[in-house]
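**Q** Structure incoming, see below.
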Amino acid sequence: VQVILHLLLLRLLRCGCDCVRLRAVGGFVVIGGGFSISSVSVISRAAYTIMNGQSSSPFLSVPSVVARRNSALRRGSAALTATDSKGDVSDYRRVMVLYTGGTIGMVRNEDGALVPIPNEFEKKLRENPLIHDKKYAKEMFGSSSELAPLVLPKVDGMQRVVYSITEYDPLLDSSNMTMMDWSSIANDIHQAYEFYDGFVILHGTDTMSYTASALSFLLENLGKTVIITGAQISLFEVRSDGIDNFLTSLLIAGNFVIPEVTLFFNYKLFRGNRTTKISSESFHAFESPNVPPLVVAGIHMEVDYRSIFRPCTIDKFTVSGELNENVGLLRVFPSIQTKTVEAFLKPPMEGVVIQTYGSGNMPTNRSDLMEVLSAAAKRGVIIINITQCSTGCVSNLYETGKLLYDSGVMSGFDMTPEAALAKLSYVLSKTEWDLATKRTMMENNLRGELTCGIKAPVLEDWDLVDAVARSLHISSPREVKMLHSILFPAMLGSAVEKGDTDKIAELKGYGADLTAPNADKRTPLHIACSLGNIKVVKYLLLNGASVHMKDRCGSKSPFGEGNKDLNKPSSTFDQTPLLDAVRCDHLDVIK
């Protein structure tokens, strides 16, 4: 019914019915009038409201994503409603900032000490011209600009970012962060998910990697950018790393679709569950020992698209339930007592991450330890073996590693302690899985948290690209990379138009990125949705294609009357693939 209402409402809009308007009650929404539509889900929610008789206003009201919930959040008043906005929704990207606490938002009190002060963070941001463009905000929101969301100054080559602040109450020191807090953050993102293009979480640095790892598992089938960041020095100090960390996180969250929980610090964006804190004093406070950064922010944003871990499913974004707290970290040391290990493994403990020497070694002359570990594994305790080293991987090649494996201890490969603990807690919380499934999942790569032990795909892309590069006398890595970004989108577009999934699979085997856009920012999924080829759409979605990628802005009509070439952007309006399907009336694709 909602799909049919999608089409009915959109046809109303096509007819230019000025009486149709959309209003928000606490989130970003678009309005009628110019009929710029940023999300079909907004119309779906409005339709649902009407169907259930919940509309209490002359407009089509969209249910609030933040009301009627019991949580430790205090919602700010800076919620963008389209009826207040004089801007065009294609002119900006919408980012939600979750301010949980941490050094980044601290201000000086009367005694000159840096402390977290409730309700001060947003006030001070509004006074900083590097973070908030007052002039543009006034043009955009008029007299209500002081209560409206904040607006970043324009950055060349990027969409402007409009962002709202959600401040936690109370503000949390990251050393006080709990698994319940991780679940709360995940649920807050879930409730606001459809109204924002990306999310930035401001967090203390002490447990930032733990939170990033936990959220990577809690947020299932994630399709949007989630970035956790913080600072070593308060954002409001004269000399601070907070400004760059915050600004760049907002720009990346608003302008790039990187469907992972990531951590940004010191000009680098890392996969969150591969990070660990390495310094309490340096601006280079975090590192990803076994995986290179996804983005390096210099004069240009250097994005490693091929390293992005993408969901390969057509299931909707959702959030897992509460984590299992009966887990622990045990670090092996010389002469560790058997009773210590035995006590650590006793109920209610259900899972343990054991940090061993080198490539996963323990004393070979300690049969007592092996017996304790084996007994616990037989009771159903899941024991994961990871290395104490910052880089490298656990291996069963050595005698002691083999002994551990034979005792029921599973390999954690190259997972960080933070990721291994979070993953164990997540897997154990899945009551619908039996013990065998849980053990299997611990050794599977669920969110890009491990790479050792996984057979890398054989890619032949550089054979193809190198052949073309040689014929064009191209040799520099930058030029070869550019050639790569030109060749594959063109070939993928041709294969999609022909509906040839075998050719798409072959190109993927050569290294083609199925999310890579062409010059008009149209991805293979945009083209497939325009053509209504359900077979190709399913294949692309099951192989990591993003439903949130937007094409280049074209004319001011989102429906493209008069345009016969569905692959050209002249009729598009900053559209996602779904809106392409709606525009072309492909109901099966919409479903």
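Under mature numbering (1 follows the signal peptide of the UniProt record, and there is no 0), residues -19 to -1, 1 to 572 are what the sequence shown spells out, in order.
C-beta atoms are modelled at their ideal positions from N, C-alpha and C, and glycine is treated no differently.
(1) Can you tell me which of Gly179, Phe217 and Ile224 puts its alpha carbon nearest to the alpha carbon of Pro240?
(2) Just how far apart, CA to CA, sit Val277 and Tyr248?
(3) Who are the Cβ neighbours of Asn342 in its own chain at under 7 Å, not counting the five residues just before and after it?
(4) Is the beta carbon of Arg428 less than 7 Å from the beta carbon of Asn254?
(5) If Trp238 and Ala193 are in contact, beta carbons under 8 Å, what's the gap, nearest whole angstrom?
(6) Compute the distance between the beta-carbons of Asp349 and Thr397, then report whether it is under 7 Å.
(7) Straight-line CA distance for His184 to Gly211?
(8) Count the other CB atoms within 10 Å of the CB of Lys489; is the residue buried (16 or more) or exposed (fewer)?
(9) Rounded to the nearest angstrom, how far is the Cβ of Ala526 from that of Thr496, given a contact under 8 Å?
(10) Note down, one range per segment and in chain order, each beta strand (DSSP E) of at least 3 residues found wholly within the segment 65 to 115.
(11) Sorted by chain position, which residues of the same chain lie with C-beta nearer than 6 Å to Thr321's C-beta, five sequence neighbours on each side aside?
(12) Are the CB atoms of Ser340 and Gly389 within a distance shorter than 7 Å?
(13) Judging by CA-CA distance, which residue of Asp555, Leu464 and Tyr338 is the nearest neighbour of Thr504?
(14) Please go through the same chain and pick out, in chain order, the residues whose beta-carbon is closer than 6 Å to the beta-carbon of Glu441, but skip the five residues on each side of it.
(15) Does DSSP put Glu201 in a helix, in a strand, or in coil?
(16) Are at least three pairs of beta-carbons, each pair with one atom in the segment 302 to 310 and one in the segment 415 to 433, less than 8 Å apart?
(17) Need the endpoints of the beta strand (DSSP E) that Phe180 sits in, please.
(18) When the distance is taken between beta carbons, is Val408 closer than 7 Å to Phe394?
(19) Compute the distance between the beta-carbons of Lys484 and Asp532, then report whether it is under 7 Å.
(20) Under 7 Å between the Cβ atoms of Ala234 and Val313?
(21) With distances taken between CB atoms, is the gap from Glu103 to Ile146 smaller than 7 Å?
(22) Note down the Cα distance separating Pro550 from Ala500, rounded to an integer number of angstroms.
(23) Tell me whether Ala356 sits in a helix, a strand or coil according to DSSP, three-state version.
(24) Compute the Euclidean distance between the alpha carbons of Glu306 and Phe122, then round it to the nearest angstrom.
**A** Let me lay it out:
(1) Residue mapping note: residue 240 aligns to position 259 of the sequence shown, counting from 1. Looking at the Cα atoms, Gly179 is the closest of the given residues.
(2) Here residue 277 is taken as the residue at index 296 of the sequence shown, counted from 1. Here residue 248 is taken as the residue at index 267 of the sequence shown, counted from 1. So the alpha carbons of these two residues sit roughly 6 Å apart.
(3) Position 361 of the sequence shown, counting from 1, holds the residue named residue 342. Cβ neighbours of Asn342 beyond the five flanking positions: Tyr379, Thr381 and Gly382.
(4) Translated into positions along the sequence shown, residue 428 becomes position 447. Translated into positions along the sequence shown, residue 254 becomes position 273. Cβ atoms of Arg428 and Asn254: closer than 7 Å.
(5) For the purposes of this step, residue 238 is taken as residue 257 along the sequence shown, with counting starting at 1. For the purposes of this step, residue 193 is taken as residue 212 along the sequence shown, with counting starting at 1. It should be noted that the sequence gives Val, not Trp, for residue 238. Between Ala193 and Val238 the Cβ distance is about 18 Å, and since that is not below 8 Å, they are no contact.
(6) Counting from 1 along the sequence shown, the entry for residue 349 is found at position 368. Counting from 1 along the sequence shown, the entry for residue 397 is found at position 416. Not in contact: Asp349 and Thr397 (Cβ atoms no closer than 7 Å).
(7) For the purposes of this step, residue 184 is taken as the residue at position 203 of the sequence shown. For the purposes of this step, residue 211 is taken as the residue at position 230 of the sequence shown. Their Cα atoms are separated by approximately 5 Å.
(8) As a first step, residue 489 must be located in the sequence shown, where it is residue number 508. The residue in question, Lys489, is buried, as its Cβ has 16 or more Cβ neighbours within 10 Å.
(9) As a first step, residue 526 must be located in the sequence shown, where it is residue number 545. As a first step, residue 496 must be located in the sequence shown, where it is residue number 515. The Cβ separation is near 6 Å, so the contact holds.
(10) 73 to 80
(11) As a working mapping, residue 321 is identified with position 340 in the sequence shown. For Thr321, where only same-chain residues beyond five positions count, there are no Cβ hits under 6 Å.
(12) Your numbering for residue 389 matches position 408 in the sequence shown. Your numbering for residue 340 matches position 359 in the sequence shown. No, Cβ-Cβ distance for Gly389 and Ser340 is not below 7 Å.
(13) Position 523 of the sequence shown holds residue 504. Nearest of Asp555, Leu464 and Tyr338 to Thr504, Cα basis: Asp555.
(14) Translated into positions along the sequence shown, residue 441 becomes position 460. Confidence is the limiting factor: at Glu441 the pLDDT is only 45, short of 50, which leaves the residue's position unreliable and the question unanswerable from this model.
(15) Working through the sequence shown from its first residue, we reach residue 201 at position 220. Glu201 falls in the strand class under three-state DSSP.
(16) no
(17) For the purposes of this step, residue 180 is taken as residue 199 along the sequence shown, with counting starting at 1. Here the beta strand (DSSP E) through Phe180 covers Gly179 to Leu183.
(18) Counted from its first residue, the sequence shown places residue 394 at position 413. Counted from its first residue, the sequence shown places residue 408 at position 427. Not closer than 7 Å, so no.
(19) On the sequence shown, position 503 is the one that residue 484 refers to. On the sequence shown, position 551 is the one that residue 532 refers to. No. Outside cutoff.
(20) As a first step, residue 234 is located in the sequence shown; it is residue number 253 there, counting from the start. As a first step, residue 313 is located in the sequence shown; it is residue number 332 there, counting from the start. Not a contact, by the Cβ cut-off of 7 Å.
(21) Sequence index remark: in the sequence shown, residue 103 carries index 122 (1-based). Sequence index remark: in the sequence shown, residue 146 carries index 165 (1-based). Yes.
(22) Sequence index remark: in the sequence shown, residue 550 carries index 569 (1-based). Sequence index remark: in the sequence shown, residue 500 carries index 519 (1-based). Reliability of the predicted coordinates at Pro550 is poor, the pLDDT of 44 falling under 50, and the value obtained from them is presented with this limitation in mind. Cα to Cα, the separation comes out at about 10 Å.
(23) Walking along the sequence shown from the start, residue 356 turns up at place 375. The answer is helix: DSSP assigns Ala356 an H, G or I state.
(24) Taking the sequence shown and counting its residues from 1, the one referred to as residue 306 is at position 325. Taking the sequence shown and counting its residues from 1, the one referred to as residue 122 is at position 141. Cα-Cα distance, rounded: 46 Å.
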